[in-house]
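With mature numbering (1 follows the signal peptide of the UniProt record, and there is no 0) applied, the sequence shown corresponds to residues -23 to -1, 1 to 96, in that order.
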Amino acid sequence: MKLLLAIGAVSLVLSAMPVEVKAGTCEIKYLRTACPGKEKISYKKCKGKQRCSKFKEAATAAECGEMAVKSCRNKRLTITESKVITALFDGQQIKASNGSEDFCTVYDKASEEFNKCGG
C-alpha cells in the first residue's frame, strides 16, 4: 500500500512539471552603412557604433534566420543606406537560403529600402 502511494505521489509530481522546449540563442549581427552625414543617427540603434549584435531566443536555426531577414527592414531610407545582417545560432554561423552569410541578400524589399539616400 505504501508503495502504491509513493508511486502515485511521484507520478502526480511528474505530471505537474511543465514540459520545457529548450530555445537556442540567436545572435543577429548588424553592420549599417549610413547615408553621408547621417552616421550619428544611423548608428544610434547600435549605441553609436556601426556594428553591433542583438541576442534573441529561437527554437531552431531556421527561426533565427527568419528573424535575421526581418532585421534587414529599413524604414529610415534617407538615414541608413544599407545593412548587412549575419546570424549565429547557438554560436554557429547560419546562412540565408541563397547560401550567403548576409541575410539582406534574400530580403525581398532590399531594392525598395536600400540605397535611397538621395530621396
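In this text, a Cβ means the ideal position worked out from N, Cα and C, and glycines have one as well.
Whole-angstrom C-beta distance between I5 and M44, which should lie under 8 Å:
6 Å
Tell me whether N51 is buried or exposed, calling it buried when 16 or more other Cβ atoms sit within 10 Å of its Cβ.
buried
Does the count of Cβ pairs from the stretch 6 to 17 and the stretch 52 to 64 closer than 8 Å reach three?
yes
Taking the alpha-carbon positions, what's the E34 to I56 distance?
29 Å
If I measure Cβ to Cβ from Q27 and keep anything under 7 Å in the same chain, skipping five residues before and after, which residues do I get?
L8, R9 and Y20
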